[in-house]
Amino acid sequence: LACGAVGILISFFYVIVSLATKWLTLGKVNTSTKYPLRGLYHACWVFNLHLMYRVNNILGPLKETGFMSWIYRLYGARVGRNVRFAGLGARFPEADVYDIGDGSFIGCAVYGHNFLRGHLRFEPIEV
């Protein structure tokens with residue numbers, strides 16, 4: 219019982235650290251700006267990307283629950299009612315470019331970024 223409680227606390231702590239890191243290093247993602255590859259912002263984005271992979275693995279058992287919608291809202295996504303996340307889901311640090319409508323089901327990876335002509339760019343995603 220004690221090991222389970224410690225595991226839950228560590229998982230919760232990891233999510234909090236990931237959220238704080240996202241907002242302190244990236245802030246709200248700007249869709250009108252091009253960020254040079256291998257620049258500081260790109261490095262911060264990659265770091266946050268790795269944190270999001272870990273959070274996605276930690277929260278795996280909670281997929282397809284309302285809790286995941288709440289988590290993505292904390293990362294900045296606009297998530298409607300009765301949205302279900304399964305599979306890879308929207309697991310990237312640019313969640314603030316996602317606009318997910320009511321009753322949507324996300325069952326695959328959703329990308330809100332692209333690499334074009336040596337720059338990292340973000341595009342709005344509407345589901």
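In our numbering, the protein residues as written are 219 to 345.
Glycine included, each C-beta is placed from N, C-alpha and C at the ideal position.
Please read all numbers here as calculations on a predicted model, not as lab measurements.
Following the DSSP letters along the chain, one finds R272 in no beta strand (DSSP E) but inside the alpha helix (DSSP H) bounded by residues L258 to I276. Taking 8 Å as the cut-off, the beta carbon of D317 is found closer than this to the beta carbon of P342. Around the C-beta of E344, fewer than 16 other C-beta atoms lie within 10 Å, and the residue is accordingly described as exposed.
Taking every protein chain shown into account, the CB of L334 has fewer than 16 other CB atoms within 10 angstroms, so this residue is exposed. Taking a C-beta distance under 8 Å as the contact criterion, C262 and L244 qualify as a contact pair.
In the DSSP assignment, L338 falls outside any alpha helix (DSSP H) and lies within the beta strand (DSSP E) extending over H337 to F340.
Here V273 has V233 and S236 as same chain residues with Cβ atoms under 6 Å from its own Cβ, once five neighbours each way along the sequence are excluded.
In the DSSP assignment, L334 falls within the beta strand (DSSP E) that extends over H331 to L334.
Residue burial annotation: G321 is exposed, with fewer than 16 other C-beta atoms found within 10 angstroms of its C-beta. In terms of CA proximity to L338, Y253 leads the group N300, Y253, V224 and K281.
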